[in-house]
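Structure first, commentary second.
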Amino acid sequence: MQIDGRAYRTIWLDPEDGWSIRIIDQTKLPWALEIVRLTTATEAAHAIRAMLVRGAPLIGATAAYGLCLGLRVDPGTAAMEAAAAQLAATRPTAVNLRWALDRMLTVLRNTAPAERVAIAYAEAARIADEDVAQNQAIGRHGLGLIAAVARARPGSPVNVLTHCNAGWLATVDWGTAIAPIYAAHAAGIPVHVWVDETRPRNQGAALTAYELGKHGVAHTVVADNAGGHLMQHGKVDLAIVGADRVTRRGDVANKIGTYLKALAAQDTGVKFHVAVPSSSIDWTLADGIAEIPIEERAEAEVATLTGRAPDGTVTTVRVVPDGSAAANPAFDVTPARLVTGFITERGCCPASAAGLAGLFPEH
Ligand code: MRU
């Protein structure tokens, strides 16, 4: 995607040395575009845990490249397994992390140590390139949903509500939930996006608004609690969100607050779609509420806010009284019955075991 006329992915191989990894430090956005160089598996693990990179598909791609960095230091089996375990322990909810590491290890365990580095970089590059292609396919399939609204109401923009950031910053490129919006924009369909701010870390206000703005897509940031009101008043044509893990029966773990939007959507008759690449489907789980591990993050993310002061300095302020406890569950689970349907790289399907199995019969 473009930032100020220059094409970026969120993660890439350093073109000068051919082995270190470059990422956009998302903790600095939207105030500064800072590129960080990763040189070790430990640095990659830190980038995932501290959310310099975030979003389920990008977490997976970063872990894959992190394993490459570890193998450069020691391609032996014990060190490889230790580096994979270190990367796997960074964040618990997005299944793409485990998916990418399992895929890498499946190839690498059958490879002699002397050949592992080259094979690992090739596999990590495939994971990144496939993510881009899958997201473009999600964009094409989701475009039909937006186009249908536009056809039914010619002349007025299609209002899409989204939560958190499931745009290009959450993936290697294009995004999942935002990919259909970019496809509609490219097709000349007028789209307007309601962007949930997504407390506590504000991925909507900081990241989704940033990338939509850079791409020229009309959008309005709203407080997280505004979505239900907007739906009641006919201001949302459809909701599209991403996913960190979808179970085989269609339960969806996504950023905290997604469930409440799905409840409001059902009450108001707004269609609620989840964009999900197959790398985010966990075929080993059925009951999302009981079985998906939910990340608990630091109290400080709830107790503070970071933003730009009038003098231009980026500053963090406390918004909770000293002494008050804060809790920070980072994801929630939306049961399949509240999801209108999935948008995958293979097409759209109902949010059910049969729907997913129909598109992915190999599972
Ligand atoms: O905590 P984050 O910022 O990694 O959470 C991101 C989300 O919840 C996204 O909606 C999800 O990963 C889908 S990304 C295409």
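So in the numbering used here, spot 12 of the sequence shown is number 657, and the numbers just go up one at a time.
Heads up, the beta-carbon is just placed ideally off N, CA and C, and yes, glycines get one too.
Going by beta carbon distance, what residues of the same chain come within less than 6 Å of residue i, once the five residues before and after it are set aside?
{"i": "Thr979", "result": "Val897, Thr903, Tyr904, Ala907"}
{"i": "Ala709", "result": "Ala745, Met749, Ala769, Ile772"}
{"i": "Ala951", "result": "It is worth fixing the name first, because residue 951 is Thr in this sequence and not Ala. Thr961, listed in sequence order."}
{"i": "Gly914", "result": "none"}
{"i": "Ala829", "result": "Leu788, Ile791, Val836"}
{"i": "Thr949", "result": "Thr961, Arg963"}
Quick one: using the 10 Å Cβ neighbour count with 16 as the cut-off for buried, is residue i buried or exposed?
{"i": "Ile680", "result": "exposed"}
{"i": "Asn741", "result": "buried"}
{"i": "Val817", "result": "buried"}
{"i": "Asp889", "result": "buried"}
{"i": "Asn974", "result": "Residue identity differs from the one stated: residue 974 is Pro in this sequence, not Asn. Under this definition Pro974 is an exposed residue."}
{"i": "Gln877", "result": "exposed"}
Short check: CB of residue i to CB of residue j, under 8 Å?
{"i": "Ala739", "j": "Gly711", "result": "no"}
{"i": "Leu714", "j": "Asp670", "result": "no"}
{"i": "Ala863", "j": "His918", "result": "no"}
{"i": "Glu856", "j": "Ala850", "result": "no"}
{"i": "Pro702", "j": "Ser923", "result": "no"}
{"i": "Trp819", "j": "Gln781", "result": "yes"}
{"i": "Ala811", "j": "Gly986", "result": "no"}
{"i": "Ala815", "j": "Gly887", "result": "yes"}
{"i": "Asp869", "j": "Val891", "result": "no"}
I want to check one thing, is the minimum distance from the CB of residue i to the heavy atoms of the ligand MRU below 7 Å?
{"i": "Ala888", "result": "yes"}
{"i": "Pro702", "result": "yes"}
{"i": "Asn973", "result": "no"}
{"i": "Leu743", "result": "Note that residue 743 is Arg in the sequence shown here, rather than Leu. Not under cutoff, so the answer is no."}
{"i": "Thr821", "result": "yes"}
{"i": "Lys900", "result": "yes"}
{"i": "Cys809", "result": "yes"}
{"i": "Arg694", "result": "no"}
{"i": "Gln848", "result": "yes"}
{"i": "Ala815", "result": "yes"}
{"i": "Ala739", "result": "yes"}
{"i": "Arg699", "result": "yes"}
Once you ignore the five residues that flank residue i on each side, which residues in its own chain have a CB closer than 7 Å to its CB?
{"i": "Arg894", "result": "Ala931, Ala981, Ser997, Ala998"}
{"i": "Lys673", "result": "Glu679"}
{"i": "Val866", "result": "Val840, Glu842, Gly849, Ala850, Ala854"}
{"i": "Gly784", "result": "Trp819, Ala824, Pro825, Tyr827, Ala828"}
{"i": "Pro938", "result": "Pro737, Thr738"}
Might you give, ordered along the chain, the residues of its own chain that have their beta carbon closer than 8 Å to the beta carbon of residue i, omitting 5 neighbours on each side?
{"i": "Glu880", "result": "With the sequence shown as reference, residue 880 is identified as Lys, and Glu is not the correct amino acid for it. Asn804, Trp839, listed in sequence order."}
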